[in-house]
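*Asks:* From first to last, the protein sequence lines are chains A and B.
Residues in the first sequence are numbered consecutively from 0, following numbering that gives the first Met the number 0.
Residues in the second sequence are numbered consecutively from 0, following numbering that gives the first Met the number 0.
Yeah, the Cβ is synthetic: ideal placement off N, Cα and C, and Gly gets one too.
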Amino acid sequence: MTTRLLITTVGSRLIEHADELTRLDQAIGDGDHGVNMRRGFEAVLADLDAIAAKPLNEALKQVGMTLVMKVGGASGPLYGTLFSEIGKALGDEVTPATVAAAVDAAIQKVKARGKSDIGQKTMLDVLVPVQAAIAAGNLGAIRTAAADAAAATVPMKAIRGRASFLGDRSIGHMDPGARSSQLIVESVLDVVEGRA
Amino acid sequence: MSGNVGIVIVSHSPLVAEGAADMVRQMVGDEVPLAWCGGNPEGGLGTSVQSIMDAIDRVWSEKGVAILVDLGGAETNSEMAIEMLPDDRQGRVVVCNAPIVEGAVMAATEASGGASLDQVRRTAEELSPQ
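Okay, structure coming up:
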């Protein structure tokens with residue numbers, strides 16, 4: 000698995016799905032999630048040569064910093080924190096165990112950044128069960144766990160972010176951040192499984 | 000002027016941020032270092048961590064800087080900008096939980112009298128439901 004392939008696959012997957020993310024966000028947010036993620040990952044891909052030349056952990060930190068500086072919405076600091084903190088917590092050794100620990104550390108930082116927790120209709124509702132599947136060593140279950148978790152945000156009521164202004168009206172829509180997290184997880188799995 | 004707490008106004012819209020800053024200038028005067036920023040890095044609606052850091056820099060005061068924000072992403076990006084400041088400045092910048100226009104005017108009024116950062120923040124936050 001090369002760092003270049005990983006970043007290209009994740010970035011292009013989010014860019015391809017930008018319109019879908021925007022539609023989800025128009026339903027319950029401010030309608031900029033797809034546009035913001037596309038802007039952020041276009042900036043990442045524009046800097047691909049420099050990023051891919053780094054070791055994986057350093058590359059992830061660079062991806063995170065680019066998202067923070069380029070996105071322009073709340074998803075910038077949130078996804079920026081996720082990628083940066085995984086990079087900071089990940090050493091030179093990349094195994095399911097080290098990845099599980101790094102993702103767990105990053106999830107704690109995302110919780111703090113967003114003042115949020117699971118069950119509040121956010122990206123955390125996908126990241127937390129995915130981390131649990133990685134930690135359990137059940138790699139074959141990750142894809143389904145991510146899809147089920149994203150679908151499970153549909154009946155949730157938003158507590159955080161712009162969607163929380165809608166109260167009960169946020170019920171019945173998938174959370175755009177949960178969907179973008181699912182897309183990231185799926186694209187990473189595609190690379191790991193040699194399907195990208 | 001550098002003796003007073005600085006005020007930064009961060010909105011998704013540059014027009015809102017500039018308008019709020021105009022009101023502060025007219026109602027409070029020039030005794031308070033004041034900067035505003037708004038818009039994402041492409042110029043659309045949103046906020047930019049770099050622009051927020053630059054605005055903090057423009058109004059930097061040894062007494063600190065109070066930031067007023069409009070909606071979610073402006074707050075998250077402002078908190079991110081604070082964390083990216085040099086260590087010796089991080090503890091002297093706060094995001095006020097207050098309405099952006101009223102909060103900016105109240106914070107600046109308090110700051111213009113030489114109040115501490117904590118007093119400035121508390122005055123702005125009196126506007127929010129407890």
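1) Run through DSSP, which three-state label would B:L70 get?
2) Any idea if A:V153 is buried or exposed, counting beta-carbon neighbours within 10 angstroms, 16 or more meaning buried?
3) In or out: A:Q119 buried (at least 16 other Cβ within 10 Å) or exposed?
4) Is there a Cβ of chain B sitting closer than 7 angstroms to that of A:R161, yes or no?
5) Measure from the C-beta of A:P76 to each C-beta in chain B and report whether the shortest distance is under 7 angstroms.
6) Is A:M68 close to chain B, meaning its C-beta is less than 7 angstroms from at least one C-beta of that chain?
7) What are the partner residues of B:L33, as DSSP defines its beta bridges?
8) Mind checking which residues open and close the alpha helix (DSSP H) that includes B:V104?
9) Once you ignore the five residues that flank A:S186 on each side, which residues in its own chain have a CB closer than 6 angstroms to its CB?
10) Cβ of A:R112 within 7 angstroms of Cβ of A:T80?
11) For A:G262, would you say it is in contact with chain B, using Cβ-to-Cβ distances shorter than 7 angstroms as the test?
12) Looking at the unbroken beta strand (DSSP E) that takes in A:V153, where does it start and where does it end?
13) Counting only the same chain and skipping the five closest in sequence on each side, list residues whose C-beta sits under 6 angstroms from that of A:A157.
14) Thinking C-beta only, is A:A99 closer than 7 angstroms to A:A145?
15) Touch check for the stretch 62 to 78 of chain B and the stretch 66 to 85 of chain A: three-plus C-beta pairs under 8 angstroms?
16) Would you mind telling me which residues of chain A sit closer than 7 angstroms to B:S47, beta carbon to beta carbon, in chain order?
17) Using a Cβ cut-off of 7 angstroms, pull out every chain A residue sitting near B:L132, in sequence order please.
18) Which bits of chain B does A:D31 rub up against, with CB to CB less than 7 angstroms?
19) Figure out for me which residue from A:I106, A:P175, A:L182, A:D167 has the closest Cα to the Cα of A:T143.
20) Compare the C-alpha of B:V31 against each of B:E124, B:E41, B:V4 and name the closest.
21) Output yes or no for whether 7 angstroms exceeds the beta carbon distance between A:V127 and A:I117.
22) Looking at the C-beta of B:M140, does it have a partner C-beta in chain A at a distance below 7 angstroms?
23) Give the DSSP-derived three-state secondary structure of A:M17 in the structure shown.
24) Quick one: list the residues of chain A neighbouring B:E41, beta-carbon separation under 8 angstroms, in chain order.
25) Identify which residue in B:G90, B:M79, B:L126 has its Cα closest to the Cα of B:A106.
26) My assumption, with CB atoms under 8 angstroms, is that A:V190 sits in contact with A:L5. Please give the rounded CB distance.
27) Give me, in chain order, the residues of the same chain whose beta-carbon lies closer than 7 angstroms to that of B:E124; leave out the 5 immediate sequence neighbours on both sides.
28) Buried or exposed: B:Q25, going by 16 or more other Cβ atoms within 10 Å of its Cβ?
*Replies:* Let me spell this out:
1) Position 71 of the second sequence, counted from the first residue, corresponds to residue 70 of chain B. In this structure, B:L70 counts as coil in the three-state DSSP scheme.
2) Working through the first sequence from its first residue, we reach residue 153 of chain A at position 154. With fewer than 16 other Cβ atoms within 10 Å, it is exposed.
3) The residue given as residue 119 of chain A occupies position 120 in the first sequence. Its Cβ being crowded by 16 or more others within 10 Å, A:Q119 is buried.
4) Residue numbering aside, residue 161 of chain A sits at position 162 when the first sequence is read from its first letter. True, the Cβ-Cβ gap to chain B drops below 7 angstroms.
5) Here the question's residue 76 of chain A lines up with position 77 in the first sequence. Taking Cβ atoms only, chain B reaches closer than 7 angstroms to A:P76, which makes this a yes.
6) To locate residue 68 of chain A, count along the first sequence from 1; it is residue 69. Yes, because at least one Cβ of chain B sits closer than 7 angstroms to the Cβ of A:M68.
7) The residue labelled residue 33 of chain B in the question sits at position 34 within the second sequence. B:L33 pairs with B:I6.
8) By one-based count along the second sequence, residue 104 of chain B stands at place 105. Element bounds for B:V104: 99 to 111.
9) Taking the first residue of the first sequence as position 1, residue 186 of chain A is located at position 187. So the qualifying residues of the chain are T8, V9, R12.
10) On the first sequence, residue 112 of chain A is found 113 positions in, with the first residue counted as 1. On the first sequence, residue 80 of chain A is found 81 positions in, with the first residue counted as 1. Yes, these two residues count as a Cβ contact at 7 angstroms.
11) Any question about residue 262 of chain A goes unanswered here, given that chain A covers just 0 to 195.
12) In the first sequence, the residue the question calls residue 153 of chain A occupies position 154. That residue, A:V153, is in no beta strand (DSSP E); it is neither H nor E in DSSP.
13) As a first step, residue 157 of chain A is located in the first sequence; it is residue number 158 there, counting from the start. Exclusion of the five residues before and after A:A157 leaves K120, S163, S169 as the residues of its chain whose Cβ lies within less than 6 angstroms of its Cβ.
14) For the purposes of this step, residue 145 of chain A is taken as the residue at position 146 of the first sequence. For the purposes of this step, residue 99 of chain A is taken as the residue at position 100 of the first sequence. Not a contact, by the Cβ cut-off of 7 angstroms.
15) yes
16) Translated into positions along the second sequence, residue 47 of chain B becomes position 48. Identification of chain A residues near B:S47 by a Cβ-Cβ cut-off of 7 angstroms yields G71, ordered along the chain.
17) Past the boundaries of the shown model lies residue 132 of chain B; chain B is included only from 0 to 129, so the question cannot be answered.
18) Here residue 31 of chain A refers to the residue found at position 32 when the first sequence is read from its first residue. The answer, in chain order, is G45.
19) Position 144 of the first sequence holds residue 143 of chain A. The shortest C-alpha separation from A:T143 is found at A:L182.
20) For this step, residue 31 of chain B is matched to residue 32 along the second sequence. Measuring from the Cα of B:V31, the nearest candidate turns out to be B:V4.
21) Locating residue 127 of chain A in the first sequence gives position 128, counting from the first residue. Locating residue 117 of chain A in the first sequence gives position 118, counting from the first residue. Yes, the pair counts as a contact, with Cβ atoms nearer than the cut-off.
22) Examination of residue 140 of chain B is not possible in this model, given that chain B is present from 0 through 129 alone.
23) For the purposes of this step, residue 17 of chain A is taken as the residue at position 18 of the first sequence. The sequence shown places Ala at residue 17 of chain A, not Met. Helix at A:A17.
24) Looking up residue 41 of chain B in the second sequence gives position 42. Under the 8 angstroms cutoff, chain A gives R38, G71.
25) Start at 1 with the first residue of the second sequence, and residue 106 of chain B comes out as number 107. Ranking the options by Cα distance to B:A106, first place goes to B:L126.
26) If you number the first sequence from 1, residue 190 of chain A lands on position 191. If you number the first sequence from 1, residue 5 of chain A lands on position 6. Confirmed, Cβ separation roughly 5 angstroms.
27) To locate residue 124 of chain B, count along the second sequence from 1; it is residue 125. The residues are C95, N96, A97.
28) For the purposes of this step, residue 25 of chain B is taken as the residue at position 26 of the second sequence. Counting the other Cβ atoms within 10 Å of the Cβ of B:Q25 gives fewer than 16, which makes it exposed.
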